[in-house]
Amino acid sequence: MSIVFTLMMVLLGSSLVTTFVLHPSGEQPAMSADSPLTRHNRCRGESLQSIRKGLLRDLNLQSEPRLPVGGLTGIREQWKKSFSAIAHTAKLTAVPTLPGNSETPSAANSTGLECCQRASEIFLKDLGWDNWVIYPESITLVQCTSCSSLSCPSHSVTAQENPSQVPCCQPTSQEMMPILYMDELSTLVISSVQLTRRCGCDPDRLHAAQ
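For the sequence shown, our numbering begins at 896 and goes up steadily by one.
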């Protein structure tokens, strides 16, 4: 257990991919004070297919591994406990739970513009990936955007895409999210993707854009 814990802690701070053969047997972004949070379960118009493509690209996969349905139940339970303990220990900040689709009131910053962050929780089961992804069960994607355009975006937000609606609104904090999955060769793969966690408005960037 201590070896697994040490391995996971290293992965949380690294973008390296670790693989090893295993034959199968018979948490939330922090809210910045100057960047109000809007939380959506998922925008109806948002394309799950676009999210799939973005995450596959970040994992350096050409396509989704094809595995038998239900073949990872035992493995998932074993690793879920380990990852849950690690996530609890490594969590430095947490986002207050907002029921349903709700918005946090915002205040204009010193530039007269407002920078908000839109958080969308994407469940791996909704992506149809629960038959090959072991951990996590869901991923929270954060988009930095103008507070005046809090409606659902016309395109999806992927792990590496955080388009800004105003020049100064940009990611100010990011973290590595470990992804544990099984490939078609019964190899257990631990990879990671970089996710935005906080947004902010940089006045210097705004003046440069002007």
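Even glycine gets a Cβ: it sits at the ideal position worked out from N, Cα and C.
Item: Three-state class that DSSP yields for ARG961 in the structure shown; Value: coil
Item: Chain B within 9 Å of LEU951, Cβ atoms only; Value: Absent from the structure is chain B; it holds one protein chain and no more.
Item: Which listed residue (GLY966, LEU1075, ARG947) has its alpha carbon closest to that of GLN957; Value: ARG947
Item: From VAL1084, CYS1063, THR1067, residue whose alpha carbon lies closest to that of PRO1073; Value: VAL1084
Item: Residue(s) in a DSSP beta bridge with ILE1074; Value: SER1086
Item: Three-way DSSP call (helix, strand, coil) for SER1015 in this model; Value: strand
Item: Distance, GLN1012 Cα to CYS1094 Cα; Value: 6 Å
Item: One or two residues paired with LEU1022 in a DSSP bridge; Value: Note: LEU1022 sits in no beta bridge, so no partner.
Item: Length of the line joining the Cα atoms of LEU1075 and THR1091; Value: 19 Å
Item: Local conformation of SER1068 per DSSP, three classes; Value: strand
Item: Exposed unless 16 or more other CB atoms sit within 10 angstroms - verdict on THR1040; Value: buried
Item: Cβ-Cβ separation, LEU967 to MET1077 (assumed contact under 8 Å), whole Å; Value: 6 Å
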